[in-house]
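Heads up, the thing below is written out as structure tokens.
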Ligand code: FDM
């Protein structure tokens, strides 16, 4: 007997610099989708709850050290370990809202000496491809108005500047559905912008197969 295929959920990623509001907006988006009867779940990278994620968390707090290539691969492994769950949810029709993804992986590691973007991208090749990547754009001056840096690794203005340049490089990649959001707007205006674009992406994704990133 013919069985109607269920409609898959969309994979929606939020990226951007520190203090652009990614985490706030991810939570608001999940809530808004759920309230409009679209099943949605939040996923955060790094996911600090798994054994790999705990190693990453200790590294970010400078409680442990890892060689730079090794930690890049840990961040990537932390995504790959979530892939079976992500695919299952998407197939069940659940839209996933993801706070940071492979793009953060590449932008941060390639800000280190001796790391090419190409090398950094390799372990990410074949991950579930986002249907939409929202880049929350905020100038360093505006970010500074929102508060000081925290005390985790990478939270220095020199490193962040290099990361920003890498994101701007990644934005030129037309194989990825990047959409730039003006994150200097009010929380509610940013939210409305993101919600409108997400609804469109969810409709579009229903008739498209899930892709493979950078493959
Ligand atoms: N980060 C995050 C990476 O270096 N690589 C990655 O793959 C990911 C997902 O970890 F500094 C960095 C980015 C940031 C830190 O911080 C995680 P938050 O505040 O938990 O997002």
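Numbering (full-length UniProt numbering), first residue to last: 30 to 244.
Yeah, the Cβ is synthetic: ideal placement off N, Cα and C, and Gly gets one too.
Note that the coordinates shown come from a computational prediction; the quantities given were computed from them, not determined experimentally.
The beta strand (DSSP E) with residue i in it runs from where to where?
| i | result |
| --- | --- |
| residue 73 | 69 to 73 |
Please report how far the alpha carbon of residue i lies from the alpha carbon of residue j, in whole angstroms.
| i | j | result |
| --- | --- | --- |
| residue 226 | residue 76 | 25 Å |
| residue 30 | residue 159 | Residue confidence is low: residue 30 scores 44 on pLDDT, short of 50, so the model does not pin down where it sits. Its coordinate-derived value is still stated next. Cα to Cα, residue 30 sits roughly 32 Å from residue 159. |
| residue 199 | residue 83 | 28 Å |
| residue 173 | residue 163 | 21 Å |
| residue 204 | residue 211 | 22 Å |
| residue 99 | residue 183 | 16 Å |
| residue 62 | residue 147 | 35 Å |
| residue 116 | residue 151 | 21 Å |
| residue 68 | residue 239 | 17 Å |
| residue 85 | residue 103 | 7 Å |
| residue 244 | residue 105 | 16 Å |
| residue 127 | residue 157 | 12 Å |
| residue 131 | residue 47 | 16 Å |
| residue 134 | residue 187 | 18 Å |
| residue 170 | residue 121 | 42 Å |
| residue 59 | residue 71 | 7 Å |
| residue 232 | residue 108 | 25 Å |
Output the boundary residues of the alpha helix (DSSP H) element that contains residue i.
| i | result |
| --- | --- |
| residue 54 | 51 to 64 |
| residue 88 | 80 to 89 |
| residue 198 | 186 to 199 |
| residue 118 | 112 to 120 |
| residue 144 | Counting along the chain, residue 144 falls outside any alpha helix (DSSP H), and DSSP gives it neither H nor E. |
| residue 221 | 216 to 234 |
| residue 151 | First-last for residue 151: undefined, no H or E at that position. |
| residue 97 | 97 to 109 |
At a cut-off of 7 Å, would you count residue i as near ligand 1, judging by its Cβ distance to the nearest heavy atom?
| i | result |
| --- | --- |
| residue 164 | no |
| residue 178 | no |
| residue 71 | no |
| residue 150 | no |
| residue 74 | yes |
| residue 226 | no |
| residue 144 | no |
| residue 114 | no |
| residue 95 | no |
| residue 167 | no |
| residue 203 | no |
| residue 89 | yes |
| residue 67 | no |
| residue 104 | yes |
| residue 138 | yes |
| residue 129 | yes |
What does residue i pair with, by DSSP beta-bridge criteria?
| i | result |
| --- | --- |
| residue 43 | 128, 163 |
| residue 208 | 163 |
| residue 171 | Answer is none; residue 171 lacks a bridge partner. |
| residue 240 | 158 |
Less than 7 Å separating the Cβ of residue i from some heavy atom of ligand 2?
| i | result |
| --- | --- |
| residue 133 | For ligand 2, the structure offers nothing, since it holds only ligand 1. |
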